[in-house]
Amino acid sequence: MNKEVFKPNIKTISVAIFASGQGSNAKQFIHFFRNNSKIKINLIVSNKSQAGVLSIAANEQIPTLILEKNKFFEDGYATYLKSLGIDFIVLAGFLWMIPEPLLVAFPNKIVNIHPALLPRYGGKGMYGKAVHQAVLAAEEKESGITIHYVDEKYDNGQIIFQKKFRLQKNETAESLEEKVHHLEHAFYPKIVEKLLMKNQKV
Ligand code: GRF
Numbered sequence: 020m021n022k023e024v025f026k027p028n029i030k031t032i033s034v035a036i037f038a039s040g041q042g043s044n045a046k047q048f049i050h051f052f053r054n055n056s057k058i059k060i061n062l063i064v065s066n067k068s069q070a071g072v073l074s075i076a077a078n079e080q081i082p083t084l085i086l087e088k089n090k091f092f093e094d095g096y097a098t099y100l101k102s103l104g105i106d107f108i109v110l111a112g113f114l115w116m117i118p119e120p121l122l123v124a125f126p127n128k129i130v131n132i133h134p135a136l137l138p139r140y141g142g143k144g145m146y147g148k149a150v151h152q153a154v155l156a157a158e159e160k161e162s163g164i165t166i167h168y169v170d171e172k173y174d175n176g177q178i179i180f181q182k183k184f185r186l187q188k189n190e191t192a193e194s195l196e197e198k199v200h201h202l203e204h205a206f207y208p209k210i211v212e213k214l215l216m217k218n219q220k221v
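Here is the structure:
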């Protein structure tokens, strides 16, 4: 007798990564999800045509999109991203503010990572070494990473996850940057996977 095999029709979750820089986090995501049957990194988006992340995408044969500033701040490419079937957006070193049409089209479906413990050391201009220099100048005992939802303000949305470490003596902006990157690579893809699996209906 022929037993029918039950094959649930599970749609894969299609993720776009937005990045403006070297793209070490984007690379980590691509590797982490390479063999994942439910979550796919299907698009790398950048506002800079020379961004390092684009060569990573090319090597990995992942389609790319270079944003045109006026259009981005007009409609956020929301309709276009929807037409590509994108379900979820991961910001990884993306420096432009996310415009309202994109927030509306992807409610609670855009996340960001910040290289410090929000709500401190966030906001406009707080990116790269400036963040670590501010942490050092304030003689903080701890720093870390924050993964959060994106809203209409910089580094302001609901916090999803944080990981801390203690500062050592003689810590520099460079040493902090390295430690933070290490934590980001270890946790960002894992936390996004958890989030997406929890809210299957993204
Ligand atoms: C990361 O440190 C992240 O916290 C911040 O931008 C940086 C991007 O680094 N939002 P990379 O381009 O992924 O190496």
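Under the working numbering, the first residue of the sequence shown is numbered 20, with each subsequent residue one higher.
We treat Cβ as the ideally placed atom computed from N, Cα and C, and that holds for glycine.
Grouping DSSP H, G and I as helix and E and B as strand, with all else coil, what is residue 44?
helix
Mapping the DSSP letters down to three states, classify residue 99 as helix, strand or coil.
helix
Contact between the region 117–136 and the region 153–172 (3+ Cβ pairs under 8 Å)
yes
8 Å contact criterion, which residue 98 and residue 58 should meet: CB distance rounded:
Not a contact, Cβ separation roughly 23 Å.
Coil, strand or helix - residue 114 by DSSP:
coil
Kindly list the residues whose CB is nearer than 7 Å to the CB of residue 45, restricted to its own chain and excluding five residues on each side of it in sequence; keep chain order.
36, 38, 63, 72, 75, 111
Where residue 182 and residue 218 are concerned, what is the direct C-alpha to C-alpha distance, given to the nearest angstrom?
22 Å
What is the DSSP secondary structure of residue 36, counted as helix, strand or coil?
strand
Nearest to residue 145 by CA position, among 126, 50, 174, is which residue?
174
Would the beta-carbon of residue 65 be found less than 8 Å away from any heavy atom of ligand 1?
no
Using a threshold of 9 Å, state whether the C-beta atoms of residue 118 and residue 93 are closer than that.
yes
Would you please verify whether the beta carbon of residue 39 is less than 9 Å from any beta carbon of chain D?
Note that chain D does not occur in the displayed structure, where there is just one protein chain.
Can you list, in chain order, the residues of its chain whose CB lies under 7 Å from that of residue 221, leaving out five sequence neighbours each side?
Legend: pLDDT at residue 221 = 47, less than 50; position of this residue unreliable, value from coordinates given subsequently. Within the same chain, residue 221 has close Cβ partners 32, 106, 107, 128, 215.
Residue 200: beta carbon under 8 Å from a heavy atom of ligand 1?
yes
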